[in-house]
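To start, the structure itself, in structure tokens.
Number of protein chains: 6
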Amino acid sequence: MSTLGIVKRNIVRADAAAVEKLGRFGVATIHEAMGRVGLMKPHMRPVYRGARICGTAVTVLLQPGDNWMMHVAAEQLQPGDVVVAACTSENEDGFFGDLLATSFQARGARGLVIDGGVRDVDELERMGFPVFSKAIHAKGTIKATLGSVNIPVVCAGAIVNPGDVVVADVDGVVVVPAALAQTVADAAEKRESFEGEKRAKLAAGVLGLDMYKMREPLAAAGLKYID
Amino acid sequence: MSTLGIVKRNIVRADAAAVEKLGRFGVATIHEAMGRVGLMKPHMRPVYRGARICGTAVTVLLQPGDNWMMHVAAEQLQPGDVVVAACTSENEDGFFGDLLATSFQARGARGLVIDGGVRDVDELERMGFPVFSKAIHAKGTIKATLGSVNIPVVCAGAIVNPGDVVVADVDGVVVVPAALAQTVADAAEKRESFEGEKRAKLAAGVLGLDMYKMREPLAAAGLKYID
Amino acid sequence: MSTLGIVKRNIVRADAAAVEKLGRFGVATIHEAMGRVGLMKPHMRPVYRGARICGTAVTVLLQPGDNWMMHVAAEQLQPGDVVVAACTSENEDGFFGDLLATSFQARGARGLVIDGGVRDVDELERMGFPVFSKAIHAKGTIKATLGSVNIPVVCAGAIVNPGDVVVADVDGVVVVPAALAQTVADAAEKRESFEGEKRAKLAAGVLGLDMYKMREPLAAAGLKYID
Amino acid sequence: MSTLGIVKRNIVRADAAAVEKLGRFGVATIHEAMGRVGLMKPHMRPVYRGARICGTAVTVLLQPGDNWMMHVAAEQLQPGDVVVAACTSENEDGFFGDLLATSFQARGARGLVIDGGVRDVDELERMGFPVFSKAIHAKGTIKATLGSVNIPVVCAGAIVNPGDVVVADVDGVVVVPAALAQTVADAAEKRESFEGEKRAKLAAGVLGLDMYKMREPLAAAGLKYID
Amino acid sequence: MSTLGIVKRNIVRADAAAVEKLGRFGVATIHEAMGRVGLMKPHMRPVYRGARICGTAVTVLLQPGDNWMMHVAAEQLQPGDVVVAACTSENEDGFFGDLLATSFQARGARGLVIDGGVRDVDELERMGFPVFSKAIHAKGTIKATLGSVNIPVVCAGAIVNPGDVVVADVDGVVVVPAALAQTVADAAEKRESFEGEKRAKLAAGVLGLDMYKMREPLAAAGLKYID
Amino acid sequence: MSTLGIVKRNIVRADAAAVEKLGRFGVATIHEAMGRVGLMKPHMRPVYRGARICGTAVTVLLQPGDNWMMHVAAEQLQPGDVVVAACTSENEDGFFGDLLATSFQARGARGLVIDGGVRDVDELERMGFPVFSKAIHAKGTIKATLGSVNIPVVCAGAIVNPGDVVVADVDGVVVVPAALAQTVADAAEKRESFEGEKRAKLAAGVLGLDMYKMREPLAAAGLKYID
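Residue numbers (the numbering used here), protein chains in the order written: chain F, 80 to 306; chain Z, 80 to 306; chain G, 80 to 306; chain S, 80 to 306; chain B, 80 to 306; chain Y, 80 to 306.
Spelled out as structure tokens, the structure:
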């Protein structure tokens, strides 16, 4: 009955072209294009400046202090995947370091998103293997208890299903359900196309108050100007 | 495309008999019976001593500082339901107080589980309306932005689908998927039936080391006794 | 130039009748009556169940690990006052215990609100001296550095001027500027007078959706009902 | 070389009479009597109202998510002991519940102090087995990795050596080195004997400013009174 | 009666020459020159390495999840201003991004200090628009509820009045009341002039113990040297 | 009786050659070589990118808001030492800045590890004086209360004895007892010598599942592969 101790081998990954297209947009734009949903909590930070990820999720459910399932996940990786690791309780141990990164990279993985700790951060930067995590911690882990691979997980407050698109940059991490990848990518493109004009107007000194026609609703809401 | 702005009216609630049976067990027992999954994070605490809930989830997704959807949820409540409220971002405002509690109670709701703040806590205790929350805060909220009712939500780290069984006591909050309610209730019963004998042995001075036959595996793991 | 090292002796306390009237309402009601402002952050909690305070603020600015100014404040207390203590940096030491409580009580003080730690909590409950604090901690403090008494302070996120009315109950702590005490008390009374009718309707099964006429604005905002 | 995987059987417990004497004083008094050292951090809270402990430490070093060593510790317990459990990383899992409490109680243990989570809190209260912990959490743990028993540990920021006296009440938890138990108990007694007179003076309206002769040093430090 | 829903147009900004002079000193120096007050809490961090701000405050009070007032504030900005944004409750949503930054920059603003979240951090760095915030978060906000502009606010624990000088660097954020700007600037200059000599002595191996003549007061306080 | 107010002058520092050898390895490697113990908590972070320390500990116990003992410690420093500063309660004040850094550097110190705040961070980077801390904060401190120098301290959860080796890099801070320095350095060397081969295999696509022979124990634990 438990959802622990399971590895799902065949998962439906989001359409590759849609993934590539999503990779052209920032996390904030994609989140807006989805209708303002899908974000992980803001404690998820890049472990080095400039880290960026876009790929399809292979999910891992870890036990506290135990990274056994990371090795099980490695076998399920395909080029273009991103490992998304959750834990059954809050734990900041260093579940991941340069050896696992070497293995993941050899399998074609594009990065790791983990609601826990990682280590060997300087080496990860040298390797160009981007990681977004809750903590950096040298604490070692054991290999003794089963979790699962490729089941739905909650990572930093977001539901991630295997095959979903995960995009991470300096502004955070967003999860796009596989079935919505193309639609969201198109919506992001459309949204971004409007931004240039807005930016030009604002740079020229036009106020958002006028550009977005806010003066009337502000007055209706009761805003009062005093001297 | 967004999952915001939706109210699902017809949800499949867990079998009533299974819910009642689950109500006879503690949260820790049910969590173990499920294979050690399903718990919310430990920041979810009862707002008064002795609060306890068992019922079927009507889920609500709130926006920060806005409790509009709580009123929308009230109409969807049936006797035996528990409102499970998540928020699109971390926020401890007082989304809920005695007036909403009066309305929920009139609809037959058994309690509220909310990853946010509540107020009027003394009155909630007098009414006997149990609440488990992240915070107690008098801060008022507005009614301006759409969230959703009866979509899957992540509440305090746990996925909750409408109709799932939610059990809360002093040890925390656990979510049992509707389809597993009877199986988990039976497993909890079985588990509890074993505990009496164990407790009697331990009370008589038998050591867990012997009762659980741990001495050999401990030695195999390398445990050393020194003087 | 510094605001440290100052004791202001003559402060204008809020009108006594207004203070007494405010004491009849809960913190949530007063906060709403003020237009939803004036609350301290939700980490301020009563140190024992049932604690409640309403009185006029004598403010204290402490240094971390140092409670010297609490003794200076004692002399400035008049019957009906509440000591409101802030600290120049975040610190959870036990700045206050039963001896200071005895002194404050002897001076007629009604309680303490402190963004720091306190100790001797069982004795405080026996004495009936209510305290709202950030922490309970036995850690002792020294008497070596000047802070100030009766200057404006920021306590748990709220500006408190000496003489302001401070009301604290299980839902939190609210600060009412002295000049607004009567107006807020009247508004709180009015607000509460409306609640009885609302509560009766909701208890009778009327939905907030109908009582507050929310159906139309919800539809206008785009809310969709699905089956 | 590692300090993991060790159980020390013979430890030197603090003198029994000194332990009993320490048990007559509050945590704040003992901390002061020691010269203001020895406290655990303030996140250590009693799991039920009224919990109080005084006894000699049997220390346990746990691994995250693993309570194997608690069973190993049970065998080392003697009447009058208190289990003090630390963890190799921050973890709030429920390492302890009513079965282990039954076993510990049968061995004569007086309580548990744990920098982690516990569960079955209602049952612990019914049993009268006091626990001070960082969290309450139903999360189950495994039995797979070695820690140690009766080595020096850091628990909630305090060094605890096996045999030390641990006193816990609503104000926190203090650790008295075994060799100092009698001296500290005597100092606590002396300190408390002075408090009655001070309390009487303060209750009679004498100010701490005068009783502690603070006016001169305050003036020397530059305190200014303004109107 | 509420302080919400107000925009004050005419504010008294600190003297321009004093602001420029303050801009030559670090935050730590200015804080010391003020007598060790005026700092925001240390959770306020620059969103990119090297960010630095000095200017006059235009204050904004936001509602959680709502950045409407940021647009209202834009109109009140004059060259040399810094936007200081507080929120009525703790909230880490992304209230600010590159479009608002473009608008603020076009108005001559020198940066933003916000006790909340921001996004588009890479673009902010490219634009050279410095921001100090509590969080980085892609989460979008709405425009539905009134806050205020140019009222006194509490931002990260510090009182900020419109027109005050705000200085931010890697060590934190300090607020200088407008009326004290010149005095504090002069005191900072004086303070810094003494530091060169001290630094030279310390670099030459002179101990602070001797330079500050601490040996005698340390001995008087009871310091004991042992071997 | 108190451990406060003491300066120990003669401490036994770890063997210089062993210290130098430890300096060649990363914190994660040393932690593993010690048997997975000795780490400080992950809130200890470098104040600038690229900071790294290896040296022998001179320990300091500070009081909150007071850095007097830092000056006392300076006199005890020898070339190759690292100052390790703990505090009697949690406090993030800026206990340390460029002047003290100048003094420490002049004495030959290699860096500072402090469970508190520091300031003048840009200047510290320019000086090349590495610091690992809990916070960056401009808040000034006083010189009024005794702590101790060169007594055992608990810093960020780790016991540090004077003379122990402290190694800090981007992955955290580890403490090696002086008596174990050579053994741990040798074990770290051995451990690292094995990593090259492992890394090469993993880079070539060999799975950890095979390299570490995990398939059998995973199956024995009950892992199930599904499609």
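Ideal Cβ positions, reconstructed from N, Cα and C, are used throughout, including at glycine.
| query | How about the stretch 224 to 242 of chain Z and the stretch 130 to 139 of chain Z: do they share at least three Cβ pairs that are nearer than 8 Å? | reply | yes
| message | Suppose you measure from the CA of G144 of chain G to the CA of D201 of chain G; what does that come to, to the nearest Å? | response | Here residue 144 of chain G refers to the residue found at position 65 of the third sequence. Here residue 201 of chain G refers to the residue found at position 122 of the third sequence. Cα-Cα distance, rounded: 22 Å.
| request: With distances taken Cα to Cα, identify the nearest neighbour of L225 of chain Z among G:M293, G:V162, G:A96, G:V197. | output: By 1-based counting over the second sequence, the position of residue 225 of chain Z is 146. Ranking G:M293, G:V162, G:A96, G:V197 by Cα distance to L225 of chain Z puts G:M293 first.
| task | Closer than 8 Å by beta-carbon distance: list the chain F residues that pair up with I85 of chain Z, in chain order. | result | Against the second sequence, residue 85 of chain Z aligns to sequence position 6. Residues of chain F passing the Cβ test: none, with the nearest at roughly 11 Å.
| said: Please list, in chain order, the chain B residues whose beta carbon lies closer than 9 Å to that of N146 of chain Z. | reply: Counted from its first residue, the second sequence places residue 146 of chain Z at position 67. Within chain B, no residue comes near N146 of chain Z; the closest Cβ sits about 12 Å away, beyond 9 Å.
| task | Could you check if D172 of chain Y is buried or exposed, using at least 16 other CB atoms within 10 Å of its CB as the buried criterion? | result | Within the sixth sequence, the letter at position 93 stands for residue 172 of chain Y. Flag for D172 of chain Y reads buried.
| query | Leaving out five residues before and five after T167 of chain G in sequence, what residues of the same chain have Cβ atoms less than 6 Å from its Cβ? | reply | On the third sequence, position 88 is the one that residue 167 of chain G refers to. Q142.
| Would DSSP call T262 of chain G helix, strand or coil? | As a working mapping, residue 262 of chain G is identified with position 183 in the third sequence. Of the three classes helix, strand and coil, the one that applies to T262 of chain G here is helix, per DSSP.
| query | Would P73 of chain B pass as a contact of R131 of chain B if the rule is Cβ separation under 8 Å? | reply | Residue 73 of chain B falls outside the range modelled here, since chain B spans only 80 to 306, and no answer is possible.
| task | Could I get the ranges of all uninterrupted alpha helix (DSSP H) runs contained in the stretch 143 to 211 of chain S, with 4 residues as the minimum, in chain order? | result | 147 to 155, 177 to 185, 200 to 206
| Classification of F183 of chain S by the beta-carbon crowding that lies within 10 angstroms, buried from 16 upward | Mapped onto the fourth sequence, residue 183 of chain S falls at position 104. With 16 or more other Cβ atoms within 10 Å, it is buried.
| query | Which whole-angstrom value describes the C-beta separation of L281 of chain F and G287 of chain F, a residue pair presumed to lie in contact below a C-beta threshold of 8 Å? | reply | Translated into positions along the first sequence, residue 281 of chain F becomes position 202. Translated into positions along the first sequence, residue 287 of chain F becomes position 208. That belief holds up - the Cβ atoms of L281 of chain F and G287 of chain F are roughly 7 Å apart, short of 8 Å.
| For the stretch 222 to 252 of chain G, which residues have a beta carbon sitting closer than 9 Å to at least one beta carbon of chain Y? | A223, T224
| request: Have a look at M149 of chain Y and V163 of chain Y and give me their C-alpha separation to the nearest angstrom. | output: For the purposes of this step, residue 149 of chain Y is identified with residue 70 of the sixth sequence, where counting begins at 1. For the purposes of this step, residue 163 of chain Y is identified with residue 84 of the sixth sequence, where counting begins at 1. Each residue's Cα considered, the two are about 10 Å apart.
| field | chain B within 8 Å of K218 of chain Z, Cβ atoms only | value | As a first step, residue 218 of chain Z is located in the second sequence; it is residue number 139 there, counting from the start. It does; some Cβ of chain B falls within 8 Å.
| task | Report yes or no: do the stretch 208 to 223 of chain S and the stretch 179 to 198 of chain S share at least 3 C-beta pairs separated by less than 8 Å? | result | yes
| field | Expected contact under 8 Å - CB spacing of G176 of chain Z and D199 of chain Z to nearest Å | value | By one-based count along the second sequence, residue 176 of chain Z stands at place 97. By one-based count along the second sequence, residue 199 of chain Z stands at place 120. G176 of chain Z to D199 of chain Z, Cβ: 4 Å. Contact.
| request: For Q261 of chain Z, collect the residues of the same chain with a Cβ closer than 7 Å to its Cβ; drop the 5 residues on either side in sequence, then sort them by chain order. | output: Position 182 of the second sequence, counting from 1, holds the residue named residue 261 of chain Z. Counting only Cβ-Cβ distances below 7 Å, and skipping sequence neighbours, we find D94, A97.
| message | For G114 of chain Y and A298 of chain Z, what's the separation of their Cα atoms in angstroms? | response | Taking the sixth sequence and counting its residues from 1, one reaches residue 114 of chain Y at position 35. Taking the second sequence and counting its residues from 1, one reaches residue 298 of chain Z at position 219. Spanning the two alpha carbons is a distance of roughly 18 Å.
| task | State buried or exposed for G256 of chain F, treating a residue as buried only when at least 16 other CB atoms are found within 10 Å of its CB. | result | What you label residue 256 of chain F is simply residue 177 of the first sequence in a count that begins at 1. The sequence as given places Pro at residue 256 of chain F; Gly does not occur at that position. P256 of chain F should be labelled buried.
| request: Mark G129 of chain S as exposed unless 16 or more other C-beta atoms lie within 10 angstroms of its C-beta, in which case mark it buried. | output: Residue numbering aside, residue 129 of chain S sits at position 50 when the fourth sequence is read from its first letter. When all chains shown are included, G129 of chain S counts as exposed.
| Got a sec? Which residues, its chain only, sit under 8 Å from M206 of chain B by beta carbon, not counting five neighbours each side? | As a position in the fifth sequence, residue 206 of chain B is number 127, starting the count at 1. Contacts found: D177, A180, T181, Q184.
| query | Under 8 Å between the Cβ atoms of A153 of chain Z and D250 of chain Z? | reply | Residue 153 of chain Z sits at position 74 when you count from the first residue of the second sequence. Residue 250 of chain Z sits at position 171 when you count from the first residue of the second sequence. Not closer than 8 Å, so no.
| field | Alpha-carbon spacing of I85 of chain F relative to F174 of chain F, whole angstroms | value | Looking up residue 85 of chain F in the first sequence gives position 6. Looking up residue 174 of chain F in the first sequence gives position 95. In a straight line, the C-alpha of I85 of chain F is about 19 Å away from that of F174 of chain F.
| query | Nearest CA to the CA of L27 of chain B: which residue from B:A188, B:A279, B:K222? | reply | There is no way to answer for residue 27 of chain B, as the model of chain B reaches only from 80 to 306.
| query | Per DSSP, which one or two residues make a beta bridge with P125 of chain G? | reply | Walking along the third sequence from the start, residue 125 of chain G turns up at place 46. Per DSSP, G:F211.
| task | For the beta strand (DSSP E) holding V254 of chain B, just list the boundary residues, first then last. | result | Locating residue 254 of chain B in the fifth sequence gives position 175, where the first residue counts as 1. From DSSP, the beta strand (DSSP E) with V254 of chain B extends over 251 to 255.
| message | Please tell me whether D194 of chain G has its Cβ less than 8 Å away from any Cβ of chain Y. | response | The residue labelled residue 194 of chain G in the question sits at position 115 within the third sequence. Taking Cβ atoms only, chain Y never reaches closer than 8 Å to D194 of chain G, which makes this a no.
| task | Given a cut-off of 8 Å, decide if V254 of chain B and D243 of chain B are closer than it, judged by their beta-carbon atoms. | result | By 1-based counting over the fifth sequence, the position of residue 243 of chain B is 164. By 1-based counting over the fifth sequence, the position of residue 254 of chain B is 175. Going by C-beta atoms, D243 of chain B is nearer than 8 Å to V254 of chain B.
| query | For S81 of chain G, which three-state DSSP category applies? | reply | Walking along the third sequence from the start, residue 81 of chain G turns up at place 2. S81 of chain G falls in the coil class under three-state DSSP.
| Using the beta-carbon count (16 or more within 10 Å), is F273 of chain B buried or exposed? | Mapped onto the fifth sequence, residue 273 of chain B falls at position 194. It is exposed - the Cβ of F273 of chain B has fewer than 16 other Cβ atoms within 10 Å.
| said: Pop quiz: I238 of chain Z and I238 of chain F are said to be a contact at Cβ under 8 Å. What is the actual Cβ separation, rounded to whole angstroms? | reply: As a first step, residue 238 of chain Z is located in the second sequence; it is residue number 159 there, counting from the start. As a first step, residue 238 of chain F is located in the first sequence; it is residue number 159 there, counting from the start. With 8 Å as the limit, I238 of chain Z and I238 of chain F qualify as a contact, their Cβ atoms being about 6 Å apart.
| message | Check whether chain G comes within 8 Å of G114 of chain B, counting only Cβ atoms and requiring the distance to be less than that. | response | The residue labelled residue 114 of chain B in the question sits at position 35 within the fifth sequence. Chain G, which has a Cβ nearer than 8 Å to the Cβ of G114 of chain B, makes this yes.
| request: Assign G323 of chain Z to one of two classes, buried (16 or more other C-beta atoms within 10 Å of its C-beta) or exposed (fewer than that). | output: What the structure shows of chain Z is the stretch from 80 to 306, and residue 323 of chain Z is not part of that stretch, so it cannot be assessed.
| For I305 of chain F, which residues does DSSP report across the bridge? | Within the first sequence, the letter at position 226 stands for residue 305 of chain F. Looking at the DSSP assignment, I305 of chain F forms a beta bridge with B:K87.
| request: Below 7 Å CB to CB, which residues in the same chain sit around D248 of chain F once its five sequence neighbours on both sides are set aside? | output: The residue labelled residue 248 of chain F in the question sits at position 169 within the first sequence. For D248 of chain F, where only same-chain residues beyond five positions count, the Cβ hits under 7 Å are G105, V106, R131.
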